[in-house]
Structure formats: C-alpha cells, structure tokens
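*Asks:*
In the numbering used here, the protein residues as written are 152 to 394.
1. Classify residue 211 as buried or exposed, calling it buried when 16 or more other Cβ atoms lie within 10 Å of its own Cβ.
2. Assuming residue 204 contacts residue 157 (C-beta within less than 8 Å), just tell me the rounded distance between them.
3. Tell me whether residue 194 sits in a helix, a strand or coil according to DSSP, three-state version.
4. What is the rounded straight-line gap between the Cα of residue 243 and the Cα of residue 377?
5. Which parts of the stretch 295-328 are runs of the alpha helix (DSSP H), unbroken and 4 residues or longer, counting only runs that do not cross its ends?
6. Could you tell me which residues DSSP pairs with residue 168 in its beta bridges?
7. Opposite residue 227 in the DSSP bridges: which residues?
8. Let's see if you can read the secondary structure: which residues bound the alpha helix (DSSP H) around residue 369?
9. Using 8 Å as the cut-off, can you tell me whether the stretch 233-247 makes contact with the stretch 330-348, which would need three or more C-beta pairs spanning the two stretches below that distance?
10. From residue 198 to residue 168, what distance separates their C-alpha atoms?
11. For residue 171, is the classification buried or exposed, using 16 other Cβ atoms within 10 angstroms of its Cβ as the cut-off for buried?
12. Pull up the distance between the alpha-carbon of residue 362 and that of residue 349, whole angstroms please.
13. Compute the distance between the beta-carbons of residue 258 and residue 221, then report whether it is under 7 Å.
14. What do you get for residue 367, buried or exposed, if any count of 16 or more other CB atoms within 10 angstroms of its CB means buried?
15. Closer than 8 Å is the cut-off here; do at least three beta carbon pairs connect the stretch 173-182 with the stretch 379-394?
16. Following the continuous alpha helix (DSSP H) through residue 433, name the residue where it begins and the one where it ends.
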C-alpha cells in the first residue's frame with residue numbers, strides 16, 4: 152500500500168485514513184473494510200508503530216491509528232465514529248440496521264469485538280502481558296496493562312466472545328451474523344479474526360514478528376466463524392490483504 156505523508160494528506164482533502172504501515176492492525180483493517188464495502192475511496196496516511204509523529208499528532212490529535220479525516224471535519228478515531236462517518240457518506244449498502252432493536256444488538260456485538268474489554272482489546276492485553284505499564288505513553292500504559300483482573304480473566308473473556316459470535320451466527324438464519332445481509336459486525340469479525348486464527352501468509356503477508364503473537368491463541372474457534380471470515384474477505388473485502 153502506498154502511503155501519503157502528513158503534509159500531502161492535509162493538502163489533499165477528501166477522505167483520508169491514518170493507518171499503521173506494514174501491519175494488519177485489526178482496527179485499521181476494519182476501517183478499511185467498512186470504506187471498501189461502501190465503495191468509498193480514501194487516501195492512506197502513514198503512521199509508524201510505536202512512534203509519535205508531531206505532525207500527525209497536531210493534525211489528528213492522536214498518536215495511534217486508525218484515524219479517519221474527512222475534509223476539515225474533526226478527527227474520528229473510534230470504531231463507531233468511523234462506521235457512522237461511512238454510513239453518512241455512503242448510505243448504501245447499509246452496514247447498520249434501520250430497526251432500532253436490531254441496530255442496538257448489532258452495535259453491542261461490534262463493541263464485543265472492537266470496544267474496551269472486547270475481543271481485540273483483550274487479545275492485545277494478552278500480547279502485552281509482562282511489559283512494564285508504569286511509563287506514560289508506553290504501549291502497556293496506553294492499552295490497559297495495569298488492569299490485572301482483566302488480564303487474569305482474558306482467556307475466559309475471549310472464549311465468551313467467540314462463543315457469543317458462534318451462537319449468534321447459528322441463530323441468525325442467514326449466512327451472516329445478522330441474517331441475510333452483510334453488516335458492520337461481519338466486517339469487524341473478519342478483520343479481528345487474525346488475532347485468533349491468522350489468514351495464511353499468501354493471503355495476509357504480515358511480518359513474522361506480528362504473525363507469531365497473533366498465532367498465540369490456543370483456545371480454538373468455531374469453524375463456522377472462520378468460514379464466515381473467509382466468505383467476507385472473498386466476497387466483500389478482497390484478498391490478499393495490503394498494509
């Protein structure tokens with residue numbers, strides 16, 4: 152993927168997406184996936200892992216990725232903010248259900264994948280376990296390594312979330328988690344599934360220093376969820392992954 156520098160991106164306008172270059176960060180991949188399903192063109196902007204770029208910080212008010220920047224609007228770094236920006240810019244195909252109850256349930260499932268104490272948050276907590284969390288702005292400090300109770304129950308939490316998603320898919324009555332239509336939760340699951348069962352190197356050419364930790368989950372995953380992941384990538388997101 153060819154990335155813009157900050158100065159070029161700021162001058163360009165339109166939709167720009169700050170991404171961590173060279174790695175398939177699940178939050179960034181999910182943002183890319185949502186935009187691609189919507190048919191929204193975006194300019195990728197480089198962020199380097201574990202580095203603070205003063206220019207990027209001044210522009211996005213953030214030191215990490217992803218951050219969506221649209222024209223002169225405020226930065227959007229949360230998964231829900233990015234999703235609803237995409238819904239506004241391209242209402243169809245809708246990734247958020249119109250029915251209030253279905254919408255609330257789907258957004259709750261998305262939080263279980265993307266939000267604090269969700270699948271990605273908990274797997275990341277496992278990956279940074281043992282690193283000192285007392286240095287401000289360090290990765291462990293930023294990402295909750297001081298929460299020892301959460302770390303202690305991380306395996307059980309991941310299993311609970313995977314079980315919830317598997318039961319939701321079984322009950323959905325359709326090929327996707329919410330039934331017959333692709334929704335944001337399907338995109339989010341597909342992109343976060345690398346933290347559980349990484350796609351093979353030919354389909355996701357992530358560096359070994361990422362693949363090793365991503366492959367560390369030994370708690371299993373229902374085959375139906377992996378089949379859903381493969382279908383979402385093949386039919387909607389495209390392979391191989393580029394980052």
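Where a beta carbon is used, it is the ideal one built from N, C-alpha and C, also for glycine.
*Replies:* Based on what the coordinates show:
1. Along the chain shown, read from residue 1 onward, the residue named residue 211 stands at position 60. Buried: at least 16 other Cβ atoms inside 10 Å.
2. Taking the first residue of the chain shown as 1, we reach residue 204 at position 53. Taking the first residue of the chain shown as 1, we reach residue 157 at position 6. Confirmed, about 7 Å.
3. The residue labelled residue 194 in the question sits at position 43 within the chain shown. Taken through DSSP and simplified to helix, strand or coil, residue 194 comes out as strand.
4. Taking the first residue of the chain shown as 1, we reach residue 243 at position 92. Taking the first residue of the chain shown as 1, we reach residue 377 at position 226. Between residue 243 and residue 377, the C-alpha separation is close to 26 Å.
5. Fully enclosed alpha helix (DSSP H) runs of 4 or longer: 299-303, 305-322.
6. In the chain shown, counting from the first residue as 1, residue 168 sits at position 17. Residue 168 is bridged to 195, 219.
7. The residue given as residue 227 occupies position 76 in the chain shown. Looking at the DSSP assignment, residue 227 forms a beta bridge with 219.
8. Here residue 369 corresponds to residue number 218 of the chain shown, with the count starting at 1. That residue, residue 369, is in no alpha helix (DSSP H); it is neither H nor E in DSSP.
9. Yes: at least three Cβ pairs fall under 8 Å.
10. Translated into the one-based positions of the chain shown, residue 198 becomes position 47. Translated into the one-based positions of the chain shown, residue 168 becomes position 17. Distance between the alpha carbons of residue 198 and residue 168: 10 Å.
11. By one-based count along the chain shown, residue 171 stands at place 20. That one is buried.
12. Here residue 362 refers to the residue found at position 211 of the chain shown. Here residue 349 refers to the residue found at position 198 of the chain shown. When rounded, the distance between both Cα atoms is 7 Å.
13. Working through the chain shown from its first residue, we reach residue 258 at position 107. Working through the chain shown from its first residue, we reach residue 221 at position 70. Against a cut-off of 7 Å, the Cβ pair of residue 221 and residue 258 comes out as no contact.
14. Within the chain shown, the letter at position 216 stands for residue 367. With fewer than 16 other Cβ atoms within 10 Å, it is exposed.
15. As far as the Cβ criterion goes, the stretch 173-182 touches the stretch 379-394, which means the pair count is three or higher.
16. Residue numbering for the chain in the displayed model covers 152 to 394; residue 433 lies beyond these limits and cannot be assessed.
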